[in-house]
Amino acid sequence: MPRLKLTLEYEGTRYVGWQIQPNGPSIQSTLQAALQKLLGEPVSVTSAGRTDSGVHATGQVACFDTPRVLPMKAYTMGLNGILPPDIAVVAAEEVAPGFDPRRWSRGKRYRYRLSNRRTRSPLLRTTHWELFAPLDVEAMRRASGALLGRHDFSAFRAADCQAKHAVREIHQVRVEGTAGDTLAVVVEGTAFLKHMVRNLVGTLVEVGKGRRPEAWVAEVLASRDRQLAGATAPPQGLVLEAVFYGDGPPPRSAGDAAVGEEDEG
Numbered sequence: 479m480p481r482l483k484l485t486l487e488y489e490g491t492r493y494v495g496w497q498i499q500p501n502g503p504s505i506q507s508t509l510q511a512a513l514q515k516l517l518g519e520p521v522s523v524t525s526a527g528r529t530d531s532g533v534h535a536t537g538q539v540a541c542f543d544t545p546r547v548l549p550m551k552a553y554t555m556g557l558n559g560i561l562p563p564d565i566a567v568v569a570a571e572e573v574a575p576g577f578d579p580r581r582w583s584r585g586k587r588y589r590y591r592l593s594n595r596r597t598r599s600p601l602l603r604t605t606h607w608e609l610f611a612p613l614d615v616e617a618m619r620r621a622s623g624a625l626l627g628r629h630d631f632s633a634f635r636a637a638d639c640q641a642k643h644a645v646r647e648i649h650q651v652r653v654e655g656t657a658g659d660t661l662a663v664v665v666e667g668t669a670f671l672k673h674m675v676r677n678l679v680g681t682l683v684e685v686g687k688g689r690r691p692e693a694w695v696a697e698v699l700a701s702r703d704r705q706l707a708g709a710t711a712p713p714q715g716l717v718l719e720a721v722f723y724g725d726g727p728p729p730r731s732a733g734d735a736a737v738g739e740e741d742e743g
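Residue 658 in the numbering used here sits at position 180 of the sequence shown, and the numbers go up by one each step.
Have a look at this one:
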């Protein structure tokens with residue numbers, strides 16, 4: 479059976495997250511139901527990462543084996559005619575039979591969006607973290623440099639994170655925008671721990687509010703103590719923006735088992 483890769487965009491407000499759960503609709507269950515209507519048979523879909531309740535995506539990757547051969551436009555135009563308005567397939571392609579969207583990933587990019595306007599915004603409330611106190615954006619930019627590179631990110635993992643270890647490599651942390659308007663913290667790395675991006679953002683916001691000095695971020699990272707870091711930023715600001723792949727499975731070496739092992743949610 480052909481193996482297909484779908485790139486998805488979704489607005490996660492009304493979903494319990496990517497993964498099927500008993501307490502409400504998920505992106506995974508909604509996509510599988512739409513595919514069953516299209517193909518006439520049930521299919522099982524896997525993804526590049528598990529986004530949490532309220533988290534959005536513009537570049538989530540899902541994969542499945544199809545029991546029928548259809549033109550690619552059936553998985554974009556046709557499937558989008560079945561899916562609800564807050565989920566869409568933006569690209570579809572056939573991939574190698576052994577393709578695994580999680581384990582073959584070479585990295586991901588997340589964007590966390592904040593609103594720093596003086597008043598609340600009805601249009602941004604489900605897509606941004608609204609912060610009404612002015613932020614020192616330059617201080618946040620300088621402090622974020624401590625997060626680059628390969629480190630033990632235990633101070634920024636969720637208490638229930640199931641990853642075997644907390645060593646991750648961050649390639650980029652970029653703070654975009656200006657105080658008093660909308661901002662974004664863009665984080666790119668090989669892999670992420672559960673709630674890692676949201677915890678990084680919550681820590682940088684402490685610096686932006688002037689509650690902590692810039693050097694504190696490096697101190698928190700070195701401590702490996704989650705209780706010393708900032709609060710977890712709320713889910714609605716987070717977007718899985720892109721998943722990166724190369725030709726074939728990524729090379730593995732000792733200490734690199736983190737790739738695809740856990741994910742931001």
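Quick reminder that beta carbons are idealized off the backbone N, C-alpha and C, glycines included. Model, not experiment: these values are computed from the prediction.
Query	Result
Check each candidate in Arg581, Arg646 and Glu719 and name the one with the smallest Cα separation from Val663.	Glu719
Check this for me: beta carbons of Gln510 and Ala526, under 8 angstroms apart or not?	no
Check whether the Cβ atoms of Pro545 and Met479 lie closer than 8 angstroms to each other.	yes
Determine, using beta carbons only, whether Leu601 and Gly686 come nearer to each other than 8 angstroms.	no
Between the Cα of Arg598 and those of Glu608, Thr604 and Arg589, spot the shortest distance and give me the residue it belongs to.	Glu608
Helix, strand or coil for Ser701? Go by DSSP, reduced to three states.	helix
Rounded to a whole number of angstroms, what is the C-alpha to C-alpha distance between Asp703 and Gln506?	33 angstroms
Quick one: is the Cβ of Val675 within less than 7 angstroms of any heavy atom of the ligand NAD?	In terms of ligand content, the structure shown is empty, and the ligand NAD therefore cannot be addressed.
Going by CA-CA distance only, name the one from Arg690, Gly726, Gly490 and His534 that's closest to Arg587.	His534
What three-state label does DSSP hand Tyr488 in the structure shown?	strand
Trp694 by DSSP, collapsed to three states: which one?	helix
What are the boundary residues of the alpha helix (DSSP H) that Gln510 is part of?	Ile505 to Leu517
Quick test of your reading: Leu706 and Ala633, contact by CB under 8 angstroms. State the CB separation rounded to the nearest angstrom.	6 angstroms
Determine whether the beta carbon atoms of Val568 and Leu513 lie at a separation below 8 angstroms.	no
Which of the three DSSP states, helix, strand or coil, is assigned to Val533?	coil
Please report the distance separating the alpha-carbon of Glu692 from that of Glu489.	33 angstroms
In terms of DSSP beta bridges, what is Gly495 paired with?	Asp530
Could you spell out the range, first to last residue, of the beta strand (DSSP E) harbouring Gly468?	As shown, the chain starts at 479 and ends at 743. That puts residue 468 outside it, with no answer to give.
Nearest to Leu482 by CA position, among Ala574, Val721, Val651 and Gly495, is which residue?	Ala574
Around the Cβ of Thr668, are there at least 16 other Cβ atoms within 10 angstroms (buried) or fewer (exposed)?	buried
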